[in-house]
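Read in the numbering used here, the sequence shown has 228 at position 219, and its numbers run on one by one without any break.
C-beta: ideal position from N, C-alpha, C; glycine also.
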Amino acid sequence: MDRLAVMETFIYVVETGSFSAAARRLNIGQPAVSKTIAALEKRLAVSLLLRSTRGLTPTEAGLAFFERAKRAIEEADEADNAARGIASGLSGNLRISAAVTFGRLHIVPQLGPFLDQHPQLNIDLMLDDRNINLVEEGIDVALRMGALNDSGLTARKIADCRRVVLGTPAYFAKHGEPSCPAELSKHQAVVYNLGGGTTWQFAKGAEQQSVILSGRLRVSAAEGVREAVLADQGLTIASEWMFAPELASGAVKTVMHDWTLPDLDLWAVFPTGRMASAKARAFVEYVQGILIDEH
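Next comes the structure, spelled out in structure tokens:
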């Protein structure tokens, strides 16, 4: 088996977590996969996988090999396409990570045209509000929001969105509309733990006001925040992306229009040290177009 084929086999083993699953993806027998990995470890004189009853996980050396092997496979694919003169024709697998609500509202409904443009491309979309490890999960590109705490990430800002104070008309009819940040203390807030927490800095021209939201309900996922707000349980501070359909329909409304909050940035994040593949770059450009059209 040639070196690229060995690399591809190892990549599938890491991504699927088992020899049998990798064998199914490669359409070969499990013994062949096991033999290939054993031969690879023998050639490199290093253990690449930790074997346990829960499955297979890469060692530190295995992660390093996985990262470089995936890059080598992608570059080989792009070299083939360039030689054929079809660099715009994407093929293979593209693994993407995005937050659940953002992906559900803004990415999944728009994937059809992108897939139609690239009939040889398969997309594996992992929706998770956590910032997962891109290398361990085999992610080609992640869409992340807010400040990036890891300075080692390879990232590119692709969009931003306003944050607003919002709630349902029924909630405001019952509790009144706050007109300034100080009045937020009189309201029940649904707090999104991953979306900024309780402390917020408002601005109105040169004036700045810091506010700590009061709320009996804190939620760790955006979907839960949405459901609570739509059930008239309180107002919240969120990006317009999170409530885009409801803002358009009038199911929720914004208040305190004279005051502004820091915008929410959207980043395309790539595994550290890896040049973004043509597939990842094309997808990011497509997402930028989607968000521009939405505005």
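Grab the span of the beta strand (DSSP E) containing residue i for me, first residue to last.
i, result
"proline 171", "The displayed chain sequence assigns arginine, not proline, to residue 171. Neither: arginine 171 is in no beta strand (DSSP E) and is coded neither H nor E."
"alanine 340", "Limits of the chain in this structure are 10 at one end and 304 at the other, which puts residue 340 out of reach."
"arginine 153", "150 to 154"
"threonine 316", "The displayed coordinates of the chain run from 10 to 304. Any statement about residue 316 would go beyond what the structure contains."
Could you pull out every residue in the same chain whose Cβ sits closer than 7 Å to the Cβ of residue i, ignoring the five residues on either side in sequence?
i, result
"aspartate 155", "A small correction: the amino acid at residue 155 is glycine; aspartate does not occupy that position in the sequence shown. Leu273, Asp274."
"valine 220", "Pro190, Leu193, Trp209, Phe211"
"arginine 153", "Asn140, Trp276, Val278"
"alanine 179", "Asp241"
"glutamine 39", "Phe28, Ser29, Ala32"
"threonine 110", "Ala231, Glu232, Arg235, Met251"
"glutamine 297", "Ile167, Ala168"
Skipping 5 residues on each side, what residues in its chain have a beta carbon closer than 6 Å to that of residue i?
i, result
"serine 194", "Ser223"
"valine 261", "Leu175, Thr177, Phe252, Glu255"
"tyrosine 295", "Phe123"
"aspartate 267", "Lys213"
"lysine 79", "Ile20"
Which residue or residues does DSSP assign as beta-bridge partners of residue i?
i, result
"asparagine 131", "Asn102"
"tyrosine 21", "Answer is none; tyrosine 21 lacks a bridge partner."
"alanine 277", "Leu152, Arg165"
"alanine 107", "Leu136, Leu152"
Short of 8 Å in beta carbon distance, which residues of its chain neighbour residue i, apart from the five on each side in sequence? Order them along the chain.
i, result
"proline 271", "Arg172, Gln210"
"asparagine 202", "Arg227, Val228, Ser229"
Check the C-beta distance from residue i over to residue j and give it rounded, since I have them as a contact under 8 Å.
i, j, result
"tryptophan 276", "isoleucine 167", "7 Å"
"aspartate 326", "serine 286", "A question about residue 326 goes unanswered here, because the residues of the chain that appear run from 10 up to 304."
"leucine 57", "threonine 45", "Contact flag wrong, Cβ pair sits at about 11 Å."
"glycine 205", "isoleucine 246", "7 Å"
"isoleucine 299", "glutamine 119", "5 Å"
"aspartate 89", "glycine 101", "Rounded, the Cβ-Cβ distance is 10 Å, inconsistent with contact."
"leucine 244", "alanine 198", "6 Å"
"isoleucine 82", "leucine 103", "Contact flag wrong, Cβ pair sits at about 13 Å."
Please tell me whether residue i has its Cβ less than 8 Å away from any Cβ of chain B.
i, result
"alanine 179", "In summary, chain B is missing from the structure at hand, where a single protein chain is found."
So the alpha helix (DSSP H) residue i belongs to, where does it begin and stop?
i, result
"phenylalanine 292", "287 to 303"
"leucine 256", "253 to 258"
"glutamine 310", "This structure leaves residue 310 out entirely; the chain is present only between 10 and 304."
"proline 178", "178 to 184"
Any heavy atom of the ligand COA closer than 7 Å to the beta-carbon of residue i?
i, result
"alanine 182", "Of ligands this structure carries none, so the ligand COA is not represented either."
Exercise. Counting only runs that start and end within the segment 192 to 246, where is the alpha helix (DSSP H) found for 4 or more residues in a row?
Worked result: 231 to 239
Exercise. What are the uninterrupted segments assigned as beta strand (DSSP E) that are 3 or more residues long and contained completely in the segment 35 to 93, given in chain order?
Worked result: 58 to 61, 64 to 67
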